[in-house]
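Asks:
Protein chains: 2
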Amino acid sequence: MRDVAKEAGVHVSTVSRVLNNQAAAGRITHDTEERIRDVALRLGYRRNTIARALRTGRTLVVGMVVPDVANLYQAGITRGAGDVFYADGYSLILASTDDDPDHAESQVSAMLGVQAEGLMYGVAREDDAVLAGIIDEGIPVVLFNRAANSPGVSAVLPDDRKGTRLAVEHLLSLGHTNIVHVGGPEDVSSSVNRLEAFEEALGVAGLTGSHHFAHRQIEDEGYRVTSDLLEQRPDTTAVLAANDRLALGAIDAIRASGRSCPQDVSVVGFNDMPYSERFSPPLTTIRISQYELGARTARLLLETIADPLRPAETQLVAPELVVRGSTAPAPI
Amino acid sequence: MRDVAKEAGVHVSTVSRVLNNQAAAGRITHDTEERIRDVALRLGYRRNTIARALRTGRTLVVGMVVPDVANLYQAGITRGAGDVFYADGYSLILASTDDDPDHAESQVSAMLGVQAEGLMYGVAREDDAVLAGIIDEGIPVVLFNRAANSPGVSAVLPDDRKGTRLAVEHLLSLGHTNIVHVGGPEDVSSSVNRLEAFEEALGVAGLTGSHHFAHRQIEDEGYRVTSDLLEQRPDTTAVLAANDRLALGAIDAIRASGRSCPQDVSVVGFNDMPYSERFSPPLTTIRISQYELGARTARLLLETIADPLRPAETQLVAPELVVRGSTAPAPI
DNA sequence: CTCCCCTGAACAACCGTTTGTGCAACCCCG
DNA sequence: CGGGGTTGCACAAACGGTTGTTCAGGGGAG
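Here the protein sequences line up with chains L and G, keeping their order. Residues 1 to 332 in this note's numbering are what the first sequence spells out, letter by letter. Residues 1001 to 1332 in this note's numbering are what the second sequence spells out, letter by letter.
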């Protein structure tokens, strides 16, 4: 900037004002302004965001923390969020925690170190110390995917209950009466909501179902839990999984037990992860628009950054039943 | 830091030295050091990376630019890179360009604005103006996935030629003689390499093959190109796609033409994207370890940042043939 | 006992911007 | 022609650290 100022024959403060469009205030001659812009362009000058941030406190950086960047479901969310942030000139810092609170702690610390203006937090647990720390420091944060016991924090969540209801009703309409549930991790809000909605929906129909929790949302766990459930309730004809990856594991387990999907056992997933229509069998699932979820979270975060006193708000993303090949009428 | 200094009864410079582990130089009493660390911990002090960066020029931030974050193949790379950067205390800024140079331009500009110390550049074109700009400014950059006409720049690339040879040999061993190639975008290095290797490998066997280029690496384009090729060469029994997504489109096109895969036409992809073993049919493809590619790129970038004069280097990631259900012996 | 050197910490400049304030020059009017 | 308002820009103090340099005090050697 000094170079630009010298070249244009003005003071750096003048350059600063011009480049910040404060020329409007009638403080600077049109001539001067034009000259400065000219020189800046010619010299290929680019403002040092770091220095500017130091002075203004605005870094135009936001952080996003997810269990695993490589997870397809998260990837769609990242995309939606990225587009929104990009449009507002923000840069996105990304971190994977492997669903490990220690990782989360240090990743978040690094983000706050670079003075991220706000955080999208996608790894919330029911009682989340890391999250509590963020809130304590007064950093704007919006949860997504998972809620937490933290009042005053905005969140964008899938409508777990409605989605689960859609799934159960679909299975019931196919004549299934022996339905089990493969739940997600026990201390994740979605897992709890989905289980509750599962039992409730069955109850309405006068049925009861078994369930087990998976420790992580991965195929192996879906396999393990489903194997257990099938052994425990051999008459099972349908599996509702809390998540598509668990559903894939469930299908594997069903096959490993000598049954076939969907002829013997139907499977419903949750999320509609990319390419689930190409799986074998194509996965019947509850679609949550990942792009929309990411974009809405990002918008909410930007609003919270702009107005920290903004009242917290929880938005639900509407689910949609997508019927494909992994569900069939109950065998007679 | 001022607070910490005051609380510990020392000057801020002393605090700074302690926190930077310069105490080793025998400049500070063990007593003082301990006291300062204590206070810092108690006050929950965290260094302001921004201010530090302003002074030292080291932001501990690197940028990564990819065509699409939501792309599964990229996601694995991101993961590998993220792990390496994380271990070294770096934060990762991510940007999607949609494979659009204008987007790339502004995204890169934003990254340089926050003084990213280096860039992982995954959207290189044969003649890439944006890339040239980066190099001009002397910013350390390492290409991945795609090479460019830019001497002096390190890159980590899939071994396109070897991978393609593996794929062609596989098809030849199955008795295929009418093989077509669905190429990627024409000005992307991998597309060119794969096409050349394709023709060469066929030539060795005394065959020739047709090909067309896709404009983008997406299913729709694979569909379009394959449809054209099938019409042009109805006797085709095998399709080699430059990429898994193109391969998926190819399978769609084969089915749409009334043929079946792999009975009538075999398909080989490239990359081994996540879940390709679960597709219908499971995809025969050339595996490139995405995690390794990302991790190696990241390491190379860190080395280049540490020593900008480091001679450029191109690393190839070894490919591996993964035979699954989308290839079968040539029909008689 | 004096001098010197070493040790341990304080001092202050600097990184590149932003922004409140000061200060000339100019214009207009009486 | 002089005085009060504007206008257009320069000045300088922050922002929160880092780091070369200075400085005081203490211990050891002569």
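C-beta: ideal position from N, C-alpha, C; glycine also. None of the values given here were measured: they were computed from a predicted structure.
1) If you scan the stretch 50–113 of chain L from start to end, which runs of the alpha helix (DSSP H) of 4 or more residues do you find wholly inside it?
2) What are the boundary residues of the alpha helix (DSSP H) that includes Ile978 of chain G?
3) Determine, for Thr1049 of chain G, whether the minimum Cβ-Cβ distance to residues of chain L falls below 7 Å.
4) Near Ile1139 of chain G, what residues of its chain come up, given a Cβ to Cβ distance below 7 Å and the 5 sequence neighbours on each side ignored?
5) Could you tell me the boundaries of the beta strand (DSSP E) in which Gly183 of chain L lies?
6) Where are the alpha helix (DSSP H) runs, 4 residues long or more, that stay fully inside the stretch 7–48 of chain L, in chain order?
7) Taking only beta-carbon positions, decide if Gln1115 of chain G is within less than 7 Å of chain L.
8) Could you list which residues in chain G have their beta carbon closer than 8 Å to that of Met111 of chain L, in chain order?
9) Below 8 Å on the Cβ atoms is my contact criterion, and I expect Ser1257 of chain G with Leu1283 of chain G to pass it. Report the Cβ-Cβ distance as a whole number of Å.
10) Flag Tyr275 of chain L as yes if its beta-carbon sits less than 7 Å from any beta-carbon of chain G, otherwise no.
11) Please determine, among L:Ala8, L:Ala124, L:Pro331 and L:Val268, the residue with the shortest C-alpha to C-alpha distance to Asp31 of chain L.
12) Looking at chain G, which residues of the stretch 37–62 of chain L have a Cβ within less than 8 Å of any of its Cβ atoms?
13) In this structure, what does DSSP give as the bridge partners for Pro158 of chain L?
14) Could you check the C-alpha separation between Gly1183 of chain G and Ala1214 of chain G for me, to the nearest Å?
15) In terms of residue numbering, what span does the alpha helix (DSSP H) encompassing Arg224 of chain L cover?
16) Touching or not, the stretch 1314–1324 of chain G and the stretch 1140–1155 of chain G, by the rule of three or more beta carbon pairs under 8 Å?
17) Please determine if the stretch 1071–1082 of chain G and the stretch 1281–1295 of chain G are in contact, where contact requires at least 3 C-beta pairs separated by less than 8 Å.
18) For His212 of chain L, which of L:Glu196, L:Val204 and L:Gly206 has the nearest alpha-carbon?
19) At 4 residues or longer, and completely inside the stretch 253–330 of chain L: list those alpha helix (DSSP H) runs for me, N to C.
20) Once the 5 residues before and after Ala1053 of chain G are set aside, which same chain residues still bring their CB inside 7 Å of it?
21) Tell me whether the stretch 248–255 of chain L and the stretch 198–207 of chain L touch, counting them as touching only if at least three CB pairs, one residue from each stretch, are closer than 8 Å.
22) Is the CB-CB distance between Ser227 of chain L and Pro281 of chain L below 7 Å?
23) Would Phe1279 of chain G pass as an interface residue toward chain L - the criterion being a Cβ-Cβ separation below 7 Å?
24) Answer yes if the stretch 164–171 of chain L comes into contact with the stretch 261–275 of chain L, meaning at least three C-beta pairs across the two stretches below 8 Å, and no otherwise.
25) Against Thr78 of chain L, what residues of chain G qualify as contacts under a CB-to-CB distance less than 8 Å, listed in chain order?
26) Straight-line CA distance for Val141 of chain L to Ser1210 of chain G?
27) Note down, in chain order, each residue of its chain lying with its Cβ closer than 8 Å to the Cβ of Leu1043 of chain G, except the 5 sequence neighbours on either side.
28) Under 7 Å between C-beta atoms, does Gly1138 of chain G make it to chain L?
29) Assign Leu309 of chain L to one of two classes, buried (16 or more other C-beta atoms within 10 Å of its C-beta) or exposed (fewer than that).
30) Could you tell me which of G:Met1273, G:Val1130 and G:Arg1299 sits nearest to Ser1289 of chain G, measuring between CA atoms?
31) Name the DSSP bridge partner or partners of Leu1119 of chain G?
32) Alpha carbon to alpha carbon, how far is Ala298 of chain L from Ala87 of chain L? Give it in angstroms, no decimals.
33) Is it a yes or a no for the stretch 1143–1153 of chain G touching the stretch 1097–1113 of chain G, going by three-plus beta-carbon pairs under 8 Å?
34) Flag this pair as yes or no: are the beta carbons of Arg1161 of chain G and Asn1193 of chain G separated by less than 7 Å?
35) Could you check whether the Cβ of Gly82 of chain L sits closer than 7 Å to any Cβ belonging to chain G?
36) Go ahead and label Ala330 of chain L buried or exposed: buried means 16 or more other beta carbons lie within 10 angstroms of its beta carbon, across all protein chains shown.
Replies: Reading it off the structure:
1) Counting whole runs of 4 or more residues, the stretch 50–113 of chain L contains the alpha helix (DSSP H) stretches 72–87 and 101–113.
2) Because residue 978 of chain G is not part of the residues shown, which for chain G are 1001 to 1332, the question remains open.
3) For the purposes of this step, residue 1049 of chain G is taken as the residue at position 49 of the second sequence. Yes, Thr1049 of chain G lies at the interface with chain L (some Cβ there is under 7 Å from its Cβ).
4) Walking along the second sequence from the start, residue 1139 of chain G turns up at place 139. Excluding residues within five positions, the ones whose Cβ falls inside 7 Å are Leu1112, Gly1118 and Leu1119.
5) Along the first sequence, read from residue 1 onward, the residue named residue 183 of chain L stands at position 183. Residues Ile179 to Gly183.
6) Runs of alpha helix (DSSP H) with 4 or more residues, each lying fully within the stretch 7–48 of chain L, are found at 12–19 and 30–42, listed in chain order.
7) Within the second sequence, residue 1115 of chain G is the residue found at index 115, counting from 1. Answer yes: the Cβ-Cβ gap between Gln1115 of chain G and chain L drops below 7 Å somewhere.
8) As a first step, residue 111 of chain L is located in the first sequence; it is residue number 111 there, counting from the start. What Met111 of chain L touches in chain G, judged by beta-carbon distance under 8 Å, is Ser1091, going in chain order.
9) Residue mapping note: residue 1257 of chain G aligns to position 257 of the second sequence, counting from 1. Residue mapping note: residue 1283 of chain G aligns to position 283 of the second sequence, counting from 1. Rounded, the Cβ-Cβ distance is 19 Å, inconsistent with contact.
10) On the first sequence, position 275 is the one that residue 275 of chain L refers to. Chain G contact via Cβ: present.
11) Position 31 of the first sequence, counting from 1, holds the residue named residue 31 of chain L. Among L:Ala8, L:Ala124, L:Pro331 and L:Val268, the Cα nearest to that of Asp31 of chain L is on L:Ala8.
12) The stretch 37–62 of chain L vs chain G, Cβ under 8 Å: Arg46, Arg47, Asn48, Thr49, Ile50, Ala51, Ala53, Leu54, Thr59, Leu60 and Val61.
13) One-based indexing of the first sequence puts residue 158 of chain L at position 158. Paired residue(s): L:Val317.
14) The residue labelled residue 1183 of chain G in the question sits at position 183 within the second sequence. The residue labelled residue 1214 of chain G in the question sits at position 214 within the second sequence. Near 6 Å, if we compare the C-alpha coordinates of Ala1214 of chain G and Gly1183 of chain G.
15) Working through the first sequence from its first residue, we reach residue 224 of chain L at position 224. Looking at the DSSP string, the run of the alpha helix (DSSP H) that includes Arg224 of chain L is Glu219 to Gln232.
16) Below 8 Å, enough C-beta pairs join the stretch 1314–1324 of chain G and the stretch 1140–1155 of chain G to call them touching: three or more.
17) With the cut-off at 8 Å, the stretch 1071–1082 of chain G and the stretch 1281–1295 of chain G touch.
18) Along the first sequence, one-based indexing puts residue 212 of chain L at 212. Taking only the C-alpha atoms, the option nearest His212 of chain L is L:Glu196.
19) Within the stretch 253–330 of chain L, the runs of alpha helix (DSSP H) at least 4 residues long that lie entirely inside it are, in chain order, 290–306.
20) Against the second sequence, residue 1053 of chain G aligns to sequence position 53. Taken in chain order, the residues that qualify are Thr1059 and Gln1115.
21) Because the criterion of three Cβ pairs below 8 Å is not met, the stretch 248–255 of chain L and the stretch 198–207 of chain L do not touch.
22) Here residue 227 of chain L refers to the residue found at position 227 of the first sequence. Here residue 281 of chain L refers to the residue found at position 281 of the first sequence. No; because the gap between Cβ atoms is not below 7 Å, this pair is not in contact.
23) The sequence position of residue 1279 of chain G within the second sequence is 279, counting from 1. It does; some Cβ of chain L falls within 7 Å.
24) Touching, yes, given that three or more Cβ pairs across the two stretches are closer than 8 Å.
25) As a first step, residue 78 of chain L is located in the first sequence; it is residue number 78 there, counting from the start. By Cβ distance, chain G contributes Val1069, Ala1070 and Leu1094.
26) By 1-based counting over the first sequence, the position of residue 141 of chain L is 141. By 1-based counting over the second sequence, the position of residue 1210 of chain G is 210. Each residue's alpha carbon lies about 54 Å from the other.
27) As a first step, residue 1043 of chain G is located in the second sequence; it is residue number 43 there, counting from the start. Excluding positions up to five away in sequence, the list reads Asp1003, Val1004 and Glu1007.
28) The residue given as residue 1138 of chain G occupies position 138 in the second sequence. Not an interface residue.
29) Position 309 of the first sequence, counted from the first residue, corresponds to residue 309 of chain L. Result: exposed.
30) Counted from its first residue, the second sequence places residue 1289 of chain G at position 289. With distances taken between Cα atoms, Ser1289 of chain G lies closest to G:Met1273.
31) Position 119 of the second sequence holds residue 1119 of chain G. Paired residues: G:Gly1063 and G:Val1141.
32) Translated into the one-based positions of the first sequence, residue 87 of chain L becomes position 87. Translated into the one-based positions of the first sequence, residue 298 of chain L becomes position 298. About 11 Å.
33) Judged by pairs of C-beta atoms under 8 Å, the stretch 1143–1153 of chain G does not touch the stretch 1097–1113 of chain G, as fewer than three such pairs exist.
34) Reading the second sequence from its first residue, position 161 is the one you call residue 1161 of chain G. Reading the second sequence from its first residue, position 193 is the one you call residue 1193 of chain G. Cβ distance < 7 Å, so Arg1161 of chain G and Asn1193 of chain G count as in contact.
35) Along the first sequence, one-based indexing puts residue 82 of chain L at 82. True, the Cβ-Cβ gap to chain G drops below 7 Å.
36) For the purposes of this step, residue 330 of chain L is taken as the residue at position 330 of the first sequence. Ala330 of chain L is buried by the Cβ-count criterion.
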